[in-house]
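One structure is given here, and the rest of the page talks about it.
Number of protein chains: 2
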Amino acid sequence: MNRHRQFKTDLYGQFEHLGRALAGARRLEILDLLGQGEMPVDALARAIDTPVKNTSAHLRALRLARLVETRREGTRVFYRLADEEVLRLVRALQRVAHGRLADIRDTVHRHLDAPDGYAPVTLAELQRLVRTEAVTLLDVRPAGEFAAGHIPGAISAPLGSLRRQLARLPKHREVVAYCRGPYCLLSLEAVRLLRRHGFRARRTKEGMPDWRAAGFPVARGA
Amino acid sequence: MNRHRQFKTDLYGQFEHLGRALAGARRLEILDLLGQGEMPVDALARAIDTPVKNTSAHLRALRLARLVETRREGTRVFYRLADEEVLRLVRALQRVAHGRLADIRDTVHRHLDAPDGYAPVTLAELQRLVRTEAVTLLDVRPAGEFAAGHIPGAISAPLGSLRRQLARLPKHREVVAYCRGPYCLLSLEAVRLLRRHGFRARRTKEGMPDWRAAGFPVARGA
DNA sequence: CGCATATTCTATTGAACGTTGGAATATCAG
DNA sequence: CTGATATTCCAACGTTCAATAGAATATGCG
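The listed protein sequences correspond, in order, to chains A and B. Note that the first sequence covers residues 123 to 344 in my numbering. Note that the second sequence covers residues 123 to 344 in my numbering.
Printed below as a string of structure tokens:
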């Protein structure tokens, strides 16, 4: 009977290692970002607003837990998720947290929810809309992430250059913007900008990695 | 632009709280057990082989993270999972850990895998087998957990009293045993015992909570 | 080879967490 | 009310981990 205890202690001890790797705000943010595709250390450091030195240490912990893998290219080291399953784990954690912690709902509500919540579209709806060409679909993430994978039919319109592209968009057709994921603010800003310029605009509730994880087709390149 | 950083720090900080609650071997074990149904503190303490005092502290942490809820009955306090989603999160963590950490595969392999792996049955297969009455289905968990919910058509045969029930089982029909989940050893012991007594016996790869989570019907009562 | 850039390693400090012992609270039975 | 059981609270100790600073390594370029 004691072998059973030993087994359980060993086993759940290993699970604990993995849990510890997830128990860090910066690390969760990194994993969320890596859902977009591989990134070098310095880009990640800038994205999460943390010294490179520090970011590297977090990445070390994630690599030790086998949640990320690396690839070297010249002096740069690119990190990527070790597995699609990892992002699903992060999303599961976010979903439980969002559902059960009132504080999170408050935080999100203050930032994400406009009067109409910017009329979020689910990915399934979006697929229908795109297939029937009923909407203009904008990918408002940085160009690099667009190139690494985007929804077929989407136009790359990074938030910074969106204003310049407005003139070229058909005025009459509704616009849907998507970005990195459920807690990414890019599409939100985009919708605000579009509406200020007279467009009918909505955003998706989820982002590119969720589209891919749901098994929908992904286009690559510029 | 700084409001965005503040938002992310707040948000992922909250996620971190939840991650921390998951970063404990004992706590993960508790959550796994609670997947069977509600349990009082002392039962949990015995199950995870940890002082009551200590177990209570862990439960406190879990309750603070809103992962569990309580119900009082006399001097006892019963704990239960706050949500089905919580168990799905734990399973997601286990799945990633199992897939990515070689140490876990080793640990599990040493204990769970017999020459034929005890011919694990998936839940989907099991459903077919049960519907056609092709097998005798045994629930080898403690009687209380059987009463709280079991697979329709299953016979309660707690490991302790299984030996006494052997005589009543049809010799010619194959037996399938299931228990708590992928890392529960009860069904394994059961299959060993059954085979020693000349039965053809297999076990399920997953357990009762997974059956429920998959949306299959659940029977209650003795 | 020597310099520059990108990244990682080492050592230190301070905060957070698990554990343990002892006391306190809550409920029930008599 | 008293005793008994189940659970929780409180304080102290040791460990672990994130953050920070400084040094070291690796690659590319001239």
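By construction, the Cβ of each residue, glycine as well, lies at the ideal position given by its N, Cα and C atoms. Just so you know, these numbers come straight off a predicted model, no measurement behind them.
- Take A/D261, set aside five residues on each side of it, and the residues of its chain with a beta-carbon closer than 6 Å to its own are F268, H272, A276 and S278, in chain order.
- Restricting attention to B/R322, B/K293 and B/V212, the CA atom closest to the CA of A/L140 is found in B/V212.
- A residue is called buried when at least 16 other Cβ atoms come within 10 angstroms of its Cβ; A/T326 meets this threshold and is buried.
- Residue contact check for B/V208 against chain A: a CB pair falls below 9 Å.
- For A/L259, the uninterrupted beta strand (DSSP E) segment begins and ends at V257 to D261.
- At least one CB atom of chain A sits nearer than 9 Å to the CB of B/E151.
- Bridge pairing for A/R198: A/E195 [DSSP].
- With its beta carbon less than 9 Å from one in chain A, B/T229 belongs to the interface.
- Contact check between the region 127-139 of chain A and the region 142-153 of chain B: three or more CB pairs, one atom from each, fall below 8 Å, which counts as touching.
- Interface annotation for the region 130-146 of chain A against chain B: K130, T131, D132, L133, Y134, G135, Q136, F137, E138, H139, L140, G141, R142, L144, A145 and G146, criterion Cβ-Cβ distance under 8 Å.
- Rounded to whole angstroms, the separation of the alpha carbons of A/T177 and A/V313 is 31 Å.
- Contact of B/R222 with chain A is assigned, a C-beta pair being separated by under 9 Å.
- In the three-state DSSP reduction, A/L307 falls in the coil class, being neither helix nor strand.
- One thing to note: A/F129 has its Cβ no nearer than 9 Å to the Cβ of B/H231.
- Per DSSP, reduced to three states, the secondary structure at B/I170 is coil, with no helix or strand assignment.
- Interface annotation, A/H180: not in contact with chain B, CB-CB separation never under 9 Å.
- Excluding five sequence positions before and after B/L288, the CB atoms of its chain that fall closer than 7 Å to its own CB belong to H319, given in chain order.
- Distance from the CA atom of B/Y305 to the CA atom of B/P292, rounded to whole angstroms, is 28 Å.
- Of A/D164, A/A344 and A/S283, the smallest CA-CA separation from A/L316 is found for A/S283.
- Within chain A, the residues placing a beta-carbon under 7 Å from that of B/L215 are F137, L140, G141 and L211, ordered along the chain.
- When rounded, the separation of the alpha-carbon atoms in B/L184 and B/Y134 is 18 Å.
- Looking at A/H126, A/P173, A/L155 and A/T131, the one whose alpha-carbon comes closest to that of A/P331 is A/L155.
- For B/R334, the secondary structure class from DSSP, reduced to helix, strand or coil, is helix.
- Taking a beta-carbon distance threshold of 9 Å, A/D205 counts as an interface residue toward chain B.
- Burial check for B/R285: the Cβ neighbour count within 10 Å stays below 16, so the residue is exposed.
- Per the DSSP secondary-structure output, B/Y134 pairs with nothing in a beta bridge.
- Per DSSP, the beta bridge partners of B/Y300 are B/D261.
- Going by beta carbons, A/Y201 and A/P162 fall inside the 9 Å limit.
- No Cβ of chain B is located within less than 9 Å of the beta carbon of A/L166.
- A direct Cα-to-Cα measurement between A/L215 and B/H294 gives close to 46 Å.
- Taken through DSSP and simplified to helix, strand or coil, A/H319 comes out as coil.
- For B/E247, the enclosing alpha helix (DSSP H) starts and ends at L245 to R253.
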